[in-house]
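Have a look at the structure below, then the notes.
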Amino acid sequence: IVKYAVINKSPLVVADVERDSRFGRTNLAHYGTKSFVCMPIKTSKDIVGVLTISRRDGVRGYTHEDVEALTPLLSNAAFTYDNLRLLGENERCHRQIKAIDRICRIINSSFKDTELLHALLGEMQTVMPFDMATVITRDENRPGHLVVFEQLAARTSSLPKGYSFAMAD
Numbered sequence: 011i012v013k014y015a016v017i018n019k020s021p022l023v024v025a026d027v028e029r030d031s032r033f034g035r036t037n038l039a040h041y042g043t044k045s046f047v048c049m050p051i052k053t054s055k056d057i058v059g060v061l062t063i064s065r066r067d068g069v070r071g072y073t074h075e076d077v078e079a080l081t082p083l084l085s086n087a088a089f090t091y092d093n094l095r096l097l098g099e100n101e102r103c104h105r106q107i108k109a110i111d112r113i114c115r116i117i118n119s120s121f122k123d124t125e126l127l128h129a130l131l132g133e134m135q136t137v138m139p140f141d142m143a144t145v146i147t148r149d150e151n152r153p154g155h156l157v158v159f160e161q162l163a164a165r166t167s168s169l170p171k172g173y174s175f176a177m178a179d
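Mapped onto this note's numbering, the consecutive letters of the sequence shown carry residue numbers 11 to 179.
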């Protein structure tokens, strides 16, 4: 039933689930009333959730007026959710820009060879966490083979530095 509200992207008011032609199913015993409301929580781009409201007592069913009262509350919740998501995205972009700046400084530094690679991989790891990074190059001594040129790893690898292996076609 929730899926119905999501697909249609609009609130769903069910006065009596047992008599509603869209569903026609028996009310489950743990619900007191046969009436409920399902409302999609919509951001500017997506549906991020669904609010379902029902009562244990069967005194009163839900109406479209209830949906009208809930609509601004859910709009505010969706707006807040979207703002928090955008804030997180902004922070992630800021970290990436700072990492790119530091990578440019490393490239223009006096670091050479292994020291340069380790510094670059270490900086990349700040924005893209990994357990192991391996730089593999063509093996100059054996055509058709690759060699492990350098690694940055938290633990010992089964492919040690200098290990050569055949390329697959």
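We put the CB at the ideal spot given by N, CA and C, even for glycine. If you're wondering where the values come from, they're calculated on a predicted model, not measured in any experiment.
T124: not part of any beta strand (DSSP E); member of the alpha helix (DSSP H) spanning D123 to V137, first to last residue. Under the DSSP assignment, P50 falls in the beta strand (DSSP E) whose first and last residues are F46 to K52.
One thing to note: S174 has its Cβ within 8 Å of the Cβ of R152. Under the criterion of beta carbons closer than 8 Å, I116 and L130 qualify as touching, at roughly 6 Å. Among the bridge pairs identified by DSSP, S64 is matched with F46. Secondary structure at E101: helix, using DSSP grouped into helix, strand and coil. In this structure, V47 lies away from Y14, with their beta-carbon atoms at least 8 Å apart. Residue range V12 to N18 is occupied by the alpha helix (DSSP H) that includes V16. Within the same chain, Cβ atoms closer than 6 Å to the Cβ of A163 are found at M142, the five residues on either side in sequence being excluded.
Nearest to V16 by C-alpha distance, out of V24, D76 and L61, is L61. Non-local beta-carbon contacts of L22 in its own chain, meaning distances under 8 Å to residues more than five positions away in sequence, involve I11, Y14, A15, V47, C48 and M49 in chain order. The residues A176 and M177, in chain order, have a CB closer than 7 Å to that of G154 in the same chain once the five nearest residues on each side in sequence are set aside.
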